[in-house]
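Chemist: Mind having a look at this structure? Questions to follow.
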Amino acid sequence: MPTEDDTLTSMLTIAKNSTGRIQRLVNSLLDINRLESGQQVVDQNSINPVDLVRESLHDVAPSANARQQNIQNKATGVLPLIWVDQDM
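Under my numbering, the first residue of the sequence shown is numbered 64, with each subsequent residue one higher.
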């Protein structure tokens, strides 16, 4: 069972990650010149899909735990990199 410190650390990490994601999204939306010129407001990078799944599940884990839901990550092994905007 996680300790109170582990829970607090986990919550702070999630808050930090979410804040950074929101800040990047707002910055993208505020780039009026790009929007008016018809350019997409995305910042795509190639990433490991297993890492993306792990990070996403980590972010939703407190909500799932509060609802007594169990989330299982079956994304294992080596997968090809994918081209995505992590903030979308």
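The beta-carbon is built from N, C-alpha and C at its ideal position, and this holds for glycine as well. Keep in mind the model is a prediction, meaning the values are calculated, not measured.
Can you tell which of 66, 136, 148, 67 has the C-alpha that lies nearest to the C-alpha of residue 109?
Modeler: 148
Chemist: Consider the C-beta atom of residue 83 and the heavy atoms of the ligand GDP; say whether any pair is separated by less than 7 Å.
Modeler: You won't find the ligand GDP in this model; it holds no ligand whatsoever.
Chemist: List the residues that DSSP assigns as beta-bridge partners of residue 108.
Modeler: 147
Chemist: Does the segment 131-145 touch the segment 86-94, meaning 3 or more C-beta pairs lie closer than 8 Å?
Modeler: With a cut-off of 8 Å, the segment 131-145 and the segment 86-94 do not count as touching, because too few Cβ pairs lie within range.
Chemist: For residue 122, which option in 84, 68, 67 has the closest C-alpha, if you only look at C-alpha atoms?
Modeler: 84
Chemist: Mapping the DSSP letters down to three states, classify residue 138 as helix, strand or coil.
Modeler: Coil.
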